[in-house]
Structure formats: structure tokens, C-alpha cells
Amino acid sequence: MTDATQPHPLLPQLREAVHGGLPSAISDLGNLVRIPSVSWDGFDPAHVRASAEAVQALLEGLGVFDSIEIADAPIDESRTGQPAVLATRAARNGKQTILLYAHHDVQPPGDQADWDSAPFEPTVRGDRLYGRGAADDKAGVMAHVAAIRAFTEVAGTDFDLGLVAFIEGEEEFGSRSFENFIVRHRTRLAADVIVVADSGNWDTSTPALTVGLRGNVTFKLRVSTLQHASHSGMYGGAVPDAMLATIRLLDTLWGPDGSVAVDGLTSREAPTPEYSQDKLAEEAAFLPGVTPIGHGAVLSRLWDHPAITITGIDAPSVVNASNTLVPSVTVKLSARIAPGQTADDAFDALERHLRAHAPFGAHLELSDVDRGNPFLVDTAGWVVAEAKDAMEQAWDVAAFETGVGGSIPFISDLVQVFPQAQILITGVEDPDSRAHSPNESLHLGVFQRAILTEAVLLAKLEDRT
Ligand SMILES: [Zn+2]
691 MTDATQPHPL LPQLREAVHG GLPSAISDLG NLVRIPSVSW DGFDPAHVRA SAEAVQALLE
751 GLGVFDSIEI ADAPIDESRT GQPAVLATRA ARNGKQTILL YAHHDVQPPG DQADWDSAPF
811 EPTVRGDRLY GRGAADDKAG VMAHVAAIRA FTEVAGTDFD LGLVAFIEGE EEFGSRSFEN
871 FIVRHRTRLA ADVIVVADSG NWDTSTPALT VGLRGNVTFK LRVSTLQHAS HSGMYGGAVP
931 DAMLATIRLL DTLWGPDGSV AVDGLTSREA PTPEYSQDKL AEEAAFLPGV TPIGHGAVLS
991 RLWDHPAITI TGIDAPSVVN ASNTLVPSVT VKLSARIAPG QTADDAFDAL ERHLRAHAPF
1051 GAHLELSDVD RGNPFLVDTA GWVVAEAKDA MEQAWDVAAF ETGVGGSIPF ISDLVQVFPQ
1111 AQILITGVED PDSRAHSPNE SLHLGVFQRA ILTEAVLLAK LEDRT
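Pasting the structure below:
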């Protein structure tokens, strides 16, 4: 057992090794960014395969794994998921096994014109590396690789700690084969500690351990009132059009301050770090005079309360608008679910609310329901204490425990298949990383500190019996 209050004896050497290895880590990361491994339908899967092969080569170069393979699993009877890389090294002498997770696929780049440098051409400007996947999550992949490099440079390759690297290839497309994958490969994936390096830090000088994730429920909602469109001059005023019904119905989802007003969607009470409304307005780029929605501490609104957003509407476009009463409208509803509630339960509450509030007898049809459960880390476990201590040693500042408003739905699959494992959600992002957006970037100082954190954690686990 290590003494959590003392710097690890290998810290100075690990720091040196991480520092010395940083240029090659950045260059290897750049090579991964050059591969446009978009995992979505309609993008060439050959790039995802090439990126899996590049990751495999990086893991082979470490010389610590007993087996490394590119592996996949079915999504359903007709389709196979994108290739992941799975590498294992058996634990010896009763040591723990640690699983390192990241993903090598990326989001589409969007409109290239919105980028200041080409999305798949890694570019350093100031202290940041720009490119699609430079942060999310190829930097997570490289943080694992570079941490193992530094650890073995200092401790040698003859260590006892069990290691698993699981680098997924379709996280950005909903991890659709994830559950089948972890069931199929459960023996090789089994670990005592799971590090999911796909989240962010408080800022570029303060590390964070993510301890809560909201879940999500999304679906299409079709609101219909008429069998066909009719003339708005002839019938408007007596005939309920679907747009009116939709607007009225959607408005019932929120209270006057914009907070969610759906019975049965729950919130959670937990302390949150200080974060002002002004900071929110600045980081989320409010226009002048625009005010936040909801109430209570800002971060509890983002981490511990539900949220509902209408993310799309199918209705006649303005350019095609004629003087007609619209017979049906479809919207995409995206809800964020507070930790403590299941996605199934939240969907039931939403459906009940919508059906109870449909105006004018409008017909509702809910389809394409997608559910991801929220997640709370058990912060009482020894692993959380060790991880926060490793962060403090690497960053010279205490770590925050943070929530995340977004979801990592596969984490609840992990918990289900490996209920005894302790899960750590770490990451290389910071508030300016802009994952999924144009000009995505990685802060190189954060990258270095994240690598050192993980190298220290490996050393701590190797000490532990
Ligand atoms: Zn990610």
C-alpha cells in the first residue's frame, strides 16, 4: 500500500521520462490525427481500420503485452462493429490488473471552412495541437501509450501489474457493438481498475476526476392533427394545425425560467464547485443581454438536473412555406437525465407527460428511442483516492471531482459486465478543447500532466498487493 500523502519515490524519474518522451508522443499523436477515422455511416471504414492498425503498432512498440489484436463484435445479425484494438498482459504475483480505455475513431470534421487549419493536418499553434481527434480521443490513446513508455523506461518491462488496453473504434457512433464486444471478450477485458480516458479537466492547470455523468434519452416525436394540409385562409382559426399543437405541447416541457417541468424527471442534490453565470455566458458564447435558464448553482444545473432540448424540426421550410395548415410536424427531442434515475424511467416520465399534455386531441407518435443511463462513480473506493493523489503529484494542485453534463453511455455497460471493477474517468480535454467542433485542440501542458498522472498511477498500482 502506498502512502497517499507522500510523493511516489519514482516521481522525479517519471517526470523526467514523460518530459523526454513528449516530442515523440506529440509526433505519434499527429500521425494518428492524419488518419480520418470517422466511424459514422457514409464515411470510408478503411480509415477506421487504418487507425486501428496504427494503434496496434503503437501498442506493439511498448513491448509489454502478451497479446495484441484488432477485434470486433456484431452490432446485430447483419452488421459488424468498427475495429477495436485489444491488448493484454497477465498480472503476476497477485497484482492488480488495470484496463486502459480510449477510442481511436473521431467525429466528422464538419465544414472545412470553419477550421483555421485543415482538420486532419495536425498543427501546433501556441501551446495547443489542433486537429480532429487531437483531443477526443486520440490524445487519450496516446496518454496511455506515453504513460506506459515512461513507466517502463523507469521501472523496466519486467513488472507484475496486469495490463489491458482497449481502444474502441466506434465511440463517436454510439458504441453500437460495445456491449457485444465486452461480453465476447470479457475474460481478456477483466480488470480490477478501469481508466476511461475520454473526459476533461477543470482548466489547463487544475486536474479533474469525473465522478458523475448525466444519461440521455432521445427520440422522434411526430405530432399530427389533420389527414392532409388545407388552406390557412379558408380554415385557419377553427382547424388546429400540427405546428400550433407542437408549439403548445413543447412549451409545457419547461417552466417560466426554462428549467424542466416534467413530473417524474428527477434531480440530484450534491455540492458543486463555484462557477458564475458570467463565466457560463462567456464560455458558452451568449449574445449580449442573453440570460441563463434554470435555477440553483450553475454546475448543478449542468450535472445534477435534467435538461430537455429540441435539436431538430421537420416541418415546411421558410422558402417552401405556403398558406397551408400543416397536418403533421416531427421534432427530435434530446433529454439529459440526472444521475440517480434510469433512462427507462426517464423515458416513461417524458412519454406520460407528452401524452397528458397533447392539445386539441393531437395524435402523438414516439419513435427511434435511444437511451443511455447516467453514472455515478463510487468515490469511497481506494482507487479514487489513489487517482486523485496521482493527479496532485503530477499537476502540483489538488484535483476537483466533477460531473459532466454529457453522457458516456457505454460506462453503464462496463459496470454491468464488470460490477466488481472500480472505474476512473479521466481525460486530456480542457474547457477550450472543443471536442466535436471545428478547431478541436489539445493543450500540450495538460497532455504532459495527464501522461505523468497515469504513469504515477501505474507505479502506485505496481506497488500495491
Ligand atoms: Zn470521446
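Add 690 to a position in the sequence shown, counting from 1, and you land on the number used in my numbering. C-beta: ideal position from N, C-alpha, C; glycine also.
Which of helix, strand or coil DSSP assigns to residue i
i: residue 992; result: helix
i: residue 783; result: coil
i: residue 866; result: coil
i: residue 943; result: coil
i: residue 745; result: helix
i: residue 964; result: coil
i: residue 1098; result: coil
i: residue 851; result: coil
i: residue 716; result: helix
i: residue 886; result: strand
i: residue 693; result: Since pLDDT at residue 693 reaches only 49, below the 50 mark, its modelled position is unreliable, and the value read off the structure follows with that caveat. Note: residue 693 maps to coil in three-state DSSP.
i: residue 838; result: helix
i: residue 932; result: helix
i: residue 1093; result: strand
i: residue 857; result: strand
i: residue 700; result: coil
i: residue 899; result: strand
i: residue 1015; result: strand
i: residue 1104; result: helix
i: residue 708; result: helix
i: residue 724; result: coil
i: residue 1199; result: Absent from the model: residue 1199. The displayed extent of the chain is 691 to 1155, so no value can be given.
6 Å CB neighbourhood of residue i in its chain, flanking five on each side removed
i: residue 965; result: 988, 989
i: residue 1003; result: 1021
i: residue 787; result: 781, 852, 881, 882
i: residue 692; result: Its pLDDT being 46, under 50, residue 692 is placed unreliably in this model, and the value from its coordinates should be taken loosely. These residues qualify, in order along the chain: 1150, 1153.
i: residue 1031; result: 956
i: residue 998; result: 943, 950, 1025
i: residue 1088; result: 1082
i: residue 757; result: 778
Contact set for residue i: own chain, Cβ-Cβ below 7 Å, skip 5 residues either direction
i: residue 850; result: 781, 782, 783, 785, 1152
i: residue 1016; result: 919, 931, 932, 933, 1005, 1006
i: residue 945; result: 951
i: residue 1084; result: 1139, 1142, 1143, 1146
i: residue 948; result: 983, 984
Nonlocal neighbours in the same chain, by C-beta distance under 8 Å from residue i, ignoring five residues either side
i: residue 1090; result: 892, 896, 897, 898, 899, 963
i: residue 926; result: 1015
Residue i, enclosing beta strand (DSSP E) - first and last residue
i: residue 953; result: Careful: residue 953 lies outside any beta strand (DSSP E) and carries neither H nor E.
i: residue 1024; result: 1018 to 1027
i: residue 1060; result: 1053 to 1062
i: residue 1146; result: Run containing residue 1146: none in the beta strand (DSSP E); it sits in the alpha helix (DSSP H), 1134 to 1153.
i: residue 1045; result: Note, residue 1045: premise wrong, no beta strand (DSSP E); alpha helix (DSSP H) at 1033 to 1047.
i: residue 907; result: 905 to 914
i: residue 1004; result: 997 to 1004
i: residue 1112; result: 1112 to 1119
Residue i: CB within 7 Å of a non-hydrogen atom of ligand 1
i: residue 861; result: yes
i: residue 793; result: yes
i: residue 888; result: yes
i: residue 827; result: yes
Limits of the unbroken alpha helix (DSSP H) element including residue i
i: residue 877; result: 876 to 879
i: residue 1072; result: 1072 to 1085
i: residue 846; result: That residue, residue 846, is in no alpha helix (DSSP H); it is neither H nor E in DSSP.
i: residue 923; result: 922 to 925
Residue i beta carbon near ligand 3 (any heavy atom closer than 7 Å)
i: residue 1003; result: Because ligand 3 does not appear in the structure shown, any question about it cannot be addressed here, the ligands present being ligand 1.
Worksheet item: Can you give, in chain order, each stretch of the alpha helix (DSSP H) that sits fully within the region 747 to 829 and has at least 4 residues?
Response: As far as the region 747 to 829 is concerned, it has no whole alpha helix (DSSP H) run of at least 4 residues.
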